[in-house]
Amino acid sequence: MMRFPARLAFGIAFALLTAGSVGFARASVVALEDLANAQLQPTALPALLGPINELGRNGWQCTPERAAKAAHATSAELPADDGAP
Amino acid sequence: MRLAAACAIALCAALPCVAQAQPYPGVTPIPHSTDPATLHAFANRREIMERIRVGFRAEMEGRWTDAAAEFERVIALGPQEPQASTAFYDLGIARAQSGDYAGATAAFEASIARDSGFLAARANLVTVYLLAGNTAAARTAADAFVAAAPDSARALYARGIAALRAGDALTALADFRTLSSNDPAYAVAHYDLAIAEQQLGSTADAERELRSAIALSPSYTRAQIALGAVLLREGKRDEARGDFDAAAQSAPDATLRNLAASLRDAIRH
Chain A
1 MMRFPARLAF
11 GIAFALLTAG
21 SVGFARASVV
31 ALEDLANAQL
41 QPTALPALLG
51 PINELGRNGW
61 QCTPERAAKA
71 AHATSAELPA
81 DDGAP
Chain B
86 MRLAAACAIA
96 LCAALPCVAQ
106 AQPYPGVTPI
116 PHSTDPATLH
126 AFANRREIME
136 RIRVGFRAEM
146 EGRWTDAAAE
156 FERVIALGPQ
166 EPQASTAFYD
176 LGIARAQSGD
186 YAGATAAFEA
196 SIARDSGFLA
206 ARANLVTVYL
216 LAGNTAAART
226 AADAFVAAAP
236 DSARALYARG
246 IAALRAGDAL
256 TALADFRTLS
266 SNDPAYAVAH
276 YDLAIAEQQL
286 GSTADAEREL
296 RSAIALSPSY
306 TRAQIALGAV
316 LLREGKRDEA
326 RGDFDAAAQS
336 APDATLRNLA
346 ASLRDAIRH
């Protein structure tokens, strides 16, 4: 009479452990995917362009206006691909 | 003899033209007036120019509160163009740097209202709206920026970022494609193209763009980590682990290095 409940208890414990392990593994996969997906974010905002002196934006030395107008990204004061976060 | 005389006359006639070809700066006229209104206008203009100079210097030194005070005074003096749009523009920078985004956007809007071709003001307006988290207003400002300067790299980049944040991946895709075709060496455009492709569910295209970004800039760690994430989505776990490992080995930044190592180790277990 005592052997059957013991077997049942073992069985239940085994099932619980298996379910727990599967759940833990699934949770790990979900956590990994969540962490990986969180990395797929757009790049940084463009920084503010700098101040302009009393001559206004039309002078050839007006760096901010030239950066705003530039067709090439490298002249436009945009974020670089330097590996920074 | 007659020929020599004709040549001499012709040379003498041409002399004033030769003299005109060499311009010299004119002498600034000294105002000779006792009229109170004229003197007041002259003093006003002089104060405007001087305060913009002082405010500009304060901004270059990062003294934002001092700078804002100077530009507010300039605006109160009622300057003409280009000093009016310049004062509002510089005030916008001082307020943005002080964290007053509402004040900054109002200043940049006022600057653009006085000079609609002021592209630097349009650029900063988009940035401040994005900093403030107002994606809808950033998008409207970015649309106006692109309309004013369709070839501007900054306009395309700013609208692309605003569109990605708003979930409009199609607009972002078009803008970053144009940016990339105008400047094929700019790896960041390929990275953002990949983010747009991924938002549209095209993981294979996202993978291709990230590989292009890394080919252009082998030290682009963020692109390498993003490539690992895309490969993971595609079920290519071994390749993803390889990319995370490469990023963990090469990242110059400790935060990215630890992140890449965590992702690599999470796949292993």
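Top line first, the protein sequences correspond to chains A and B.
Per this note's numbering: the first sequence = residues 1 to 85.
Per this note's numbering: the second sequence = residues 86 to 354.
Ideal Cβ positions, reconstructed from N, Cα and C, are used throughout, including at glycine.
Residues in its own chain within less than 6 Å of residue i by CB, not counting five upstream and five downstream?
{"i": "residue 295 of chain B", "result": "279, 308, 311 and 312"}
{"i": "residue 239 of chain B", "result": "208"}
{"i": "residue 272 of chain B", "result": "298, 301, 302 and 305"}
{"i": "residue 285 of chain B", "result": "254"}
{"i": "residue 79 of chain A", "result": "43 and 44"}
{"i": "residue 260 of chain B", "result": "241, 244 and 245"}
{"i": "residue 226 of chain B", "result": "210, 211 and 214"}
{"i": "residue 41 of chain A", "result": "none"}
To the nearest angstrom, how far is it from the Cα of residue i to the Cα of residue j?
{"i": "residue 262 of chain B", "j": "residue 132 of chain B", "result": "47 Å"}
{"i": "residue 68 of chain B", "j": "residue 337 of chain B", "result": "Lying before the first or after the last residue shown, residue 68 of chain B is absent from chain B, which here runs from 86 to 354."}
{"i": "residue 243 of chain B", "j": "residue 237 of chain B", "result": "10 Å"}
{"i": "residue 144 of chain B", "j": "residue 61 of chain A", "result": "17 Å"}
{"i": "residue 343 of chain B", "j": "residue 303 of chain B", "result": "19 Å"}
{"i": "residue 7 of chain A", "j": "residue 348 of chain B", "result": "41 Å"}
{"i": "residue 274 of chain B", "j": "residue 53 of chain A", "result": "32 Å"}
{"i": "residue 136 of chain B", "j": "residue 250 of chain B", "result": "39 Å"}
{"i": "residue 317 of chain B", "j": "residue 191 of chain B", "result": "45 Å"}
{"i": "residue 265 of chain B", "j": "residue 45 of chain A", "result": "17 Å"}
{"i": "residue 139 of chain B", "j": "residue 51 of chain A", "result": "12 Å"}
{"i": "residue 39 of chain A", "j": "residue 252 of chain B", "result": "16 Å"}
{"i": "residue 188 of chain B", "j": "residue 350 of chain B", "result": "47 Å"}
{"i": "residue 341 of chain B", "j": "residue 31 of chain A", "result": "18 Å"}
{"i": "residue 160 of chain B", "j": "residue 134 of chain B", "result": "11 Å"}
{"i": "residue 91 of chain A", "j": "residue 167 of chain B", "result": "In the structure as shown, chain A starts at 1 and stops at 85, and residue 91 of chain A therefore has no counterpart that could be examined."}
{"i": "residue 339 of chain B", "j": "residue 58 of chain A", "result": "43 Å"}
{"i": "residue 335 of chain B", "j": "residue 33 of chain A", "result": "22 Å"}
{"i": "residue 346 of chain B", "j": "residue 325 of chain B", "result": "12 Å"}
{"i": "residue 163 of chain B", "j": "residue 94 of chain B", "result": "55 Å"}
{"i": "residue 130 of chain B", "j": "residue 63 of chain A", "result": "25 Å"}
{"i": "residue 234 of chain B", "j": "residue 72 of chain A", "result": "13 Å"}
{"i": "residue 156 of chain B", "j": "residue 204 of chain B", "result": "20 Å"}
{"i": "residue 241 of chain B", "j": "residue 248 of chain B", "result": "10 Å"}
Cβ closer than 7 Å: which chain B residues qualify as neighbours of residue i?
{"i": "residue 39 of chain A", "result": "310, 311 and 314"}
{"i": "residue 9 of chain A", "result": "Near residue 9 of chain A there are no residues of chain B at all, since even the closest Cβ is about 31 Å away, more than 7 Å."}
Determine the burial state of residue i: buried for a count of at least 16 other Cβ atoms within 10 Å of its Cβ, exposed for fewer.
{"i": "residue 165 of chain B", "result": "exposed"}
{"i": "residue 323 of chain B", "result": "exposed"}
{"i": "residue 171 of chain B", "result": "buried"}
{"i": "residue 102 of chain B", "result": "At residue 102 of chain B the pLDDT is 48, less than 50, meaning the model places this residue with poor confidence; the figure from the coordinates comes in the next sentence. Answer is exposed; the Cβ neighbour count stays below 16."}
{"i": "residue 269 of chain B", "result": "exposed"}
{"i": "residue 256 of chain B", "result": "buried"}
{"i": "residue 223 of chain B", "result": "buried"}
{"i": "residue 74 of chain A", "result": "exposed"}
{"i": "residue 81 of chain A", "result": "buried"}
{"i": "residue 320 of chain B", "result": "exposed"}
{"i": "residue 127 of chain B", "result": "exposed"}
Whose C-beta lies closer than 7 Å to the C-beta of residue i among residues of the same chain, with five residues either side of it excluded?
{"i": "residue 186 of chain B", "result": "213, 216 and 217"}
{"i": "residue 68 of chain A", "result": "49"}
{"i": "residue 328 of chain B", "result": "309, 312, 313 and 316"}
{"i": "residue 89 of chain B", "result": "none"}
{"i": "residue 291 of chain B", "result": "279, 282, 283 and 315"}
{"i": "residue 76 of chain A", "result": "67 and 70"}
{"i": "residue 333 of chain B", "result": "342, 345, 346 and 349"}
Run through chain A and tell me which residues come within less than 8 Å of residue i, C-beta to C-beta.
{"i": "residue 273 of chain B", "result": "43, 73, 78, 79, 80 and 81"}
{"i": "residue 351 of chain B", "result": "28, 31, 32 and 35"}
{"i": "residue 250 of chain B", "result": "42"}
{"i": "residue 138 of chain B", "result": "53 and 54"}
Between residue i and the rest of its own chain, which residues show a CB-CB distance below 8 Å, the 5 nearest in sequence each way excluded?
{"i": "residue 206 of chain B", "result": "170, 173, 174, 177, 193, 196, 197 and 200"}
{"i": "residue 258 of chain B", "result": "278, 281, 282 and 285"}
Chain B partners of residue i, CB-CB under 9 Å?
{"i": "residue 57 of chain A", "result": "167, 170, 171, 174, 200, 202, 203, 204, 205 and 206"}
In chain A, what lies closer than 9 Å to residue i by C-beta?
{"i": "residue 216 of chain B", "result": "45 and 48"}
{"i": "residue 197 of chain B", "result": "Those within 9 Å of residue 197 of chain B in chain A number zero; the least Cβ separation is about 11 Å."}
{"i": "residue 267 of chain B", "result": "71, 72 and 73"}
{"i": "residue 193 of chain B", "result": "Under the 9 Å cutoff, chain A gives no residues; its nearest Cβ is about 10 Å from residue 193 of chain B."}
{"i": "residue 141 of chain B", "result": "51, 52, 53 and 54"}
{"i": "residue 276 of chain B", "result": "42, 43 and 81"}
List, in order along the chain, the chain A residues whose C-beta lies closer than 7 Å to that of residue i?
{"i": "residue 80 of chain B", "result": "Since the displayed chain B opens at 86 and closes at 354, residue 80 of chain B lies outside it and no answer follows."}
{"i": "residue 144 of chain B", "result": "51"}
For residue i, which residues in chain B fall below 8 Å Cβ to Cβ?
{"i": "residue 70 of chain A", "result": "237, 238 and 239"}
{"i": "residue 67 of chain A", "result": "205, 208 and 239"}
Exercise. At a cut of 8 Å, does the stretch 147-157 of chain B reach the stretch 115-124 of chain B through at least three beta carbon pairs?
Worked result: no
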